[in-house]
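**Q** Numbering-wise (our numbering), the sequence shown opens with residue 40 and increments by one.
Just so it is clear, CB atoms sit at the ideal spot from N, CA and C, and this is done for glycine as well.
This is the structure, below, for whatever I ask next.
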Amino acid sequence: ETQNNNLGACRLYERCGYVVGGVDHMRYKGIDPNTRETAIFWYRIFQD
C-alpha cells in the first residue's frame, strides 16, 4: 500500500511488476477529513 502522492513509490512498484489491485479514498479521512490522499493497494501476481 502506498499513497497517491508518493509518486516515487508508485513508480517503483510498477517497475517491479506490481499491479494496482484497489484504491481506498476513505482510508485517511479519519486522520484529516479534508485530505485528498488515496491509498493505492499494489499486488504482485506470481505465475505457476
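In angstroms with no decimal places, state the Cα-to-Cα distance between G56 and D87.
**A** For G56 and D87, the distance between alpha carbons rounds to 16 Å.
**Q** Alpha carbon to alpha carbon, how far is Q42 from C49? Give it in angstroms, no decimals.
**A** Between C49 and Q42, the C-alpha separation is close to 8 Å.
**Q** Just to confirm, are W81 and V62 a CB contact at a threshold of 8 Å?
**A** Result no, Cβ atoms of W81 and V62 do not sit closer than 8 Å.
**Q** On a CA-only basis, which of A78, F85, R83 is nearest N45? Give me that one, please.
**A** If we check each option's Cα against that of N45, A78 comes out closest.
**Q** Could you tell me the distance, in whole angstroms, from the CA atom of R75 to the CA atom of R66?
**A** Distance between the alpha carbons of R75 and R66 is about 10 Å.
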